[in-house]
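Residue numbers (the numbering used here), protein chains in the order written: chain A, 1 to 243; chain B, 1001 to 1651; chain C, 2001 to 2260.
Just so you know, even glycine gets a beta-carbon here, dropped at the ideal spot from N, CA and C.
Each remark here refers to the structure printed beneath this line.
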Amino acid sequence: MTTFTGALRSSLGKKYLMGFTGLIWVGFAIGHLIGNLLLLAGREAFNGYALFLETLGHGAGIYVAEAFLLMAIGIHIWNGISVALVDKSAARPIGYEVTGNAGGRSRKGAASQGMIWTGLAILGFLIFHLITFKFAYLFGHVEHYTLNGEQHVDLYGVVVERFSQAWYVGIYTVVMLLFGMHLKHGVWSAFQSLGLLNKKTTPLAVQLAWVLAVLLSIGFLFLPVTIFAMNESFATPAGGLHL
Amino acid sequence: MSTTLEEDLRAVASPLMNSNVPEGPLESKWTDYKSHMKLVNPANKRKYTIIVVGTGLAGGAAAASLGEMGYKVLNFCIQDSPRRAHSVAAQGGINAAKNYANDGDSVYRLFYDTIKGGDYRAREANVHRLAEVSVNIIDQCAAQGVPFAREYGGALTNRSFGGAQVSRTFYARGQTGQQLLLGAYSSLMRQVHEKTVTMYTRREMLELVMVDGKARGIVVRNLINGKLETYAGHAVLLCTGGYGTVFYLSTNAVNSNPTAAWRCHKQGALFANPCYTQIHPTCIPQEGDYQSKLTLMSESLRNDGRVWVPKEPGDKRKPNEIPDDQRDYFLERRYPAFGNLVPRDIASRAAKLECDNGKGVGLTGKAVYLDFRDAIKRLGKQTVKERYGNLFQMYEEITNEDPYKVPMRIYPASHYTMGGLWVDYNLMTNIPGLFALGEANFSDHGANRLGASALMQGLADGYFVIPYTLGNYLASSQPADNLTTEHEAFQAAVARVQEMTDKLLSIQGDTTPTEFWRALGKIVWNHVGMARNAAGLKQAIEEIKALRAEFWKKVKVDGKGDTLNKNLEFAGRVVDYLELAELMAIDALHREESCGGHFREEYQKDGEALRNDDKFCYVAGWKYTGDVSQPELHKEPLHFESIKLQQRDYK
Amino acid sequence: MSKEEPIAKKPQGSRYTLRVWRQAGKDKAGGLQTYTVNGIIPNMSFLEMLDVLNEQLVKEGKEAIAFDSDCREGICGMCSLVIDGVAHGPHAGCTTCSVRMRDFPAGSTITIEPFRARAFPVIKDLVVDRSSFDQIIAAGGYVSVNTGAAPDANCIPVGKEAADKAMDAAACIGCGACVAACPNASASLFTAAKITQLAMLPQGQPERKKRVVAMVEEMDRLGFGDCSNHGECEAVCPKEIGINHIAQMRRDYLMATLAP
Ligand SMILES: Cc1cc2nc3c(=O)[nH]c(=O)nc-3n(C[C@H](O)[C@H](O)[C@H](O)COP(=O)(O)OP(=O)(O)OC[C@H]3O[C@@H](n4cnc5c(N)ncnc54)[C@H](O)[C@@H]3O)c2cc1C
Ligand code: HEM
Ligand code: SF4
Ligand code: FES
């Protein structure tokens, strides 16, 4: 009989992995958003939060978390490409001349069919995102501040500076909408992939997916747009949103 | 044929038709027989190759069971999967003498009902065995995971069916045939997995191969590439279904056909009682010529619907514009006691009569109304909906008319054929090694089949009869030799098929096979249908002969022989329809009595069928003589020991 | 037979333009060809319309279009066809043979293609080979009980609810529309329906784990795609089998491989 690890390579296994890793990242995204909201509270609060994360578990915490997330997304991407590009075209080498949608109970649509493209857009964005924020210091000058005699990157400053640039906010907006699409199908789909749904719970999961998709994409959008629109307020030394 | 007709018709047993019914009391014949049969030693079973043609309830059950026993089984079907055999379409249910309803059912009662329902034209011993094994069928199917309807407590539930006074019909929603077939199919697939059964789909059997007077193989057309393939074995089981499609219009599937049975007949197998056909009264009528398949609707509709036609022939008004005094509720008028609930055959005949008199309704004039107006008034729409909602919906989907507002249109159609290849108690035809199971044989339903008993018979034959009787045959008269398809008999059979194919493709006339089939169907329907008479039958015989001659001059078969070619497939079947139809008429003409589905207008008393037990209490087995129009009649007298012959009476 | 009068005067039907996939054989190239067909009445079924076209083609000396059908009442699963991009056409809960021409505006153009999947190779024109479905069932879609070995049917009670659930799943007609409609050509709905039917019944328990593993592996081996939960299968399924069955299959497979 097939072992569990063997089973993970089956078509069903791929989806367990997709769903599981997808949900891990959804969890991360929720946490990340909540943390990011501290931008509203100002420079000190946000930088403090960043520092807290950096020093978690004597500095090892963040590496563990990052490695975990990296592994998760690696698995997610690997299987995503396998499901949506490799297996898909192998299973139907000759396509239809006309494709339609049966409507009714079908959940097929731009979101479900675009998962790989919204996913790849997210991937591209993630790399870009890491370059512009996390590894910003490698690619150019960044401001530092001193706390207890130690130098730290002024992450708040970096973020606000980026979000004052229209093109950056533009890209961010587009990607967040794509991210919302990814989640609109992804969240309920993940529960279905893990075999957690039945006739009654499916509509609930679909609603949850909508809610999360809207909250997360609007939530993440809210920050750059607000910072861009209210740059004077955010760019002050204290930073944050003053109304 | 004239010589045989002029003979004394009193049954004289033909040596070709030895029923081989074992001795002993009816109740214990089968049990005793089974315990004295010869057996094939387990190690020898795999040396035997058994050819099973057909994957319906009969074929699927037989192939799976024989595979389990260790035989090497080769299983064939026309469709792309064994799961699609026409058994799949049966809706109503399957009978079994379980007496779970505690209403006094028993093996004897089921046996009695079946004999009586068949109008005393079936073999007692076979029917008793059928009733006996009916209980095992339900057990077997339940064990396979067939999702029969259940009570809340978990026990199986029953419904009543076809006028029986007890509830003995098991069902799985409206898809009983499908579920039973899928049960047999899954067992079959298990044997395919075990490699005891090899499946050959998209194959059509076109010839039987005989060696030394025994059935030893078949020729099939591979429907994908047109190649003729030969297969050798130690016995051939024909489970190919009925011949209801001779009528063109029928409730059968478009691929249902009598070709396999007919080609065996032409190799010497007796065709029994071909005139026993069943017409179902409540089908959705034909819309136009292009249509051959009719959809059946449950007869239960007649419980509340009233059947009528306009009094005036050719009245083209909308039904709701015709006032009551200008309507003829002809069943209520002619059968005041039973009204709309007269039996199937009577209802069918009455409807046809009205239409023949020009009072038919609808686009084609071949329909009568089944009206729920009064039922809705009396019971309310809600109640009617609860009772018949799904049927109304099905009707509306097909016709686009709302039966809550406009009366339904119904018309009878060919549904089932009781006749078929003659078989003895062992289900073996008069050709040694050739067996016939399910609707393909003539055995258990006499002149009329009761509802929910065809499924029972198919599974009984396949699961519980053939596994024993086949072993007995092999052990006693067929050594496990290794005959191969190299034998010249195979070449000869292939040549016969090839010759016909070449001929069909060479004519290139101007009429398609379907057009001939349609024309034939009309002849059969008009003269060999619900009501027959000598003049009409004689006319039919002449018309069929003429049509056959025309076919061989004018048929146009397109395409080639070496590819998938549905037109060629159909052409071959139409060849057989054109011959079998004549035999049906000959049989109907010779049987000068009315019984069950065979109603001769000359033999009736106030519309009731009049049997003639003195002269016709026998099975008519027709032998091919080389000339389709001159078949030879053989007889198997029927003896009734447990049941007294009575006239069916609906007064 | 020229004497035979048609049973009805030919109704003045409508005309349709059809774009039909023609392909001479399995490894031959194929393409869409355009035909027009006349005299189509609204209550005609889609396949009857094709019958009419075929008779017309044969009379013109052209080769008829090959397509599959048998029962023509929506139960055998033999008919197929992707009609204007939707498997089994526009009418929900219907097989192609049950679709009526009134669902298509008179005079419209209709595109007809075969079911497409690597595991369903085209045999000719619109006819495809679906024997891979039989192989999935052969891998384990049964209860291993030999003929004659069954206990009395009422020995094993089956609650009504379980029986109903099993019946919902068992209604599958094996048509393959779920595969045809799936953007990934996945056979999950079909496979899950059989697995669920037997998983609901006590008779199916002894082999439950073995069955789900074997059937899933066979499905993968045959080259069907993965399920991305588009749900298009459920929408085209003529028996309206729900994707909740796929979730059931995934649960069972997970359990079977975690605790064999
Ligand atoms: C609409 C309808 C409803 C019915 N409802 C009921 C009901 O409720 N209860 C009941 O008891 N009965 C019912 N019946 C009758 C019953 O379904 C059939 O009599 C029975 O299923 C026949 O089973 P079978 O196995 O003999 O043949 P079939 O199921 O017809 O199978 C025939 C098999 O033979 C194969 N075959 C045929 N010719 C060839 C050939 N030349 N070469 C190779 N293979 C061939 C076919 O591919 C198929 O696999 C109904 C029938 C119809 C039409
Ligand atoms: C923050 C980042 C991401 C999150 C939160 C996320 C979330 C999810 C979730 C929850 C699912 C549903 C899984 C399932 O159906 O089982 C999913 C599916 C998918 N994701 Fe992501 N994802 C992310 C990034 C990516 C990336 C970078 C890719 C790039 C390849 C990607 C490609 C896909 C694909 C192709 C699917 C569909 C799988 C299928 O068709 O079944 N995702 N994602
Ligand atoms: S699940 Fe539905 S669509 Fe798929 S094969 Fe079964 S009946 Fe057809
Ligand atoms: S032909 Fe049988 S389902 Fe359509």
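- Close to R2208(C), with beta-carbon spacing below 8 Å, lies no residue of chain B; the smallest spacing is near 11 Å.
- Assignment of beta-bridge partners to R1327(B) by DSSP yields P1310(B).
- Taking a contact to require three or more Cβ pairs closer than 8 Å, the stretch 1123 to 1131 of chain B and the stretch 1471 to 1489 of chain B do not qualify as touching.
- Scanning chain C for C-beta atoms nearer than 8 Å to the C-beta of P93(A) yields R2118, reported in chain order.
- Taking all protein chains shown into account, V174(A) has fewer than 16 neighbouring C-beta atoms within 10 Å of its C-beta and is therefore exposed.
- Interface residue (Cβ-Cβ distance to chain B less than 7 Å): M2101(C) is not classified as such.
- The beta carbon of P237(A) lies closer than 8 Å to those of R43 in the same chain, with the five residues before and after it left out.
- If you ignore the 5 residues before and after L1645(B), its C-beta comes within less than 7 Å of the C-beta of Y1120 and D1613, all in its own chain and listed in chain order.
- Within chain C, the residues whose beta carbon sits less than 7 Å from that of L1182(B) are A2170, listed in sequence order.
- Taking 7 Å as the upper bound on Cβ-Cβ separation, chain C lies near residues T1563, L1564, K1566 and N1567 of the stretch 1562 to 1577 of chain B.
- Against chain B, a Cβ distance below 8 Å from M2044(C) picks out E1287, G1288, Y1290 and Q1291.
- Within a 10 Å sphere around the beta-carbon of N2038(C) sit fewer than 16 other beta-carbons, which makes this residue exposed.
- As the crow flies, the alpha-carbon of V1133(B) is around 35 Å from that of R1221(B).
- Judged by DSSP in its simplified three-state form, Q151(A) adopts strand.
- If you check the CB distance, A1101(B) and S1167(B) come in under 7 Å.
- Each residue's CA atom was taken as its position, placing G1419(B) and A1447(B) some 8 Å apart.
- Going by C-alpha positions, F20(A) is about 59 Å away from A1480(B).
- A residue is called buried when at least 16 other Cβ atoms come within 10 angstroms of its Cβ; H1527(B) meets this threshold and is buried.
- With 16 or more neighbouring CB atoms inside 10 Å of its own CB, Q1179(B) falls in the buried class.
- Chain C places no beta carbon closer than 7 Å to that of D154(A), leaving this residue out of the contacts.
- In this structure, the alpha-carbon of L1470(B) lies about 11 Å from that of Y1425(B).
- Excluding residues up to 5 positions away in sequence, I1218, V1219, R1263, A1493, R1496 and V1497 lie with their Cβ nearer than 7 Å to the Cβ of E1207(B) in the same chain.
- Residue pairing by DSSP places W2021(C) opposite L2032(C) in a beta bridge.
- Annotation: the stretch 1315 to 1377 of chain B contains the following complete segments of the beta strand (DSSP E) (minimum length 3 residues), in chain order: 1368 to 1371.
- Look at K184(A): its C-beta is not under 7 Å from any C-beta on chain C.
- Its chain contains N1225 and G1226 as the residues whose beta carbon lies nearer than 7 Å to that of T1563(B), once the 5 sequence neighbours on both sides are disregarded; these appear in chain order.
- Among the residues facing chain B, E2113(C) is not included, as its CB has no counterpart in that chain under 7 Å away.
- As a beta-bridge residue in DSSP terms, T1417(B) pairs with T1277(B).
- A contact is defined here as three or more CB-CB pairs under 8 Å, and the stretch 1349 to 1369 of chain B fails this definition with respect to the stretch 1539 to 1558 of chain B.
- By the CB criterion at 7 Å, I2136(C) and E2218(C) fall inside the cutoff.
- Between F135(A) and P224(A), the C-beta gap is not smaller than 7 Å, which leaves the two residues out of contact.
- When DSSP states are grouped into helix, strand and coil, V1073(B) belongs to the strand group.
- For Y1463(B), the chain C residues whose Cβ falls inside 9 Å of its Cβ are T2147 and G2148, in order along the chain.
- Within the model, the alpha-carbon separation for V2128(C) versus P2121(C) is close to 6 Å.
- E232(A): member of the alpha helix (DSSP H) spanning N231 to F234, first to last residue.
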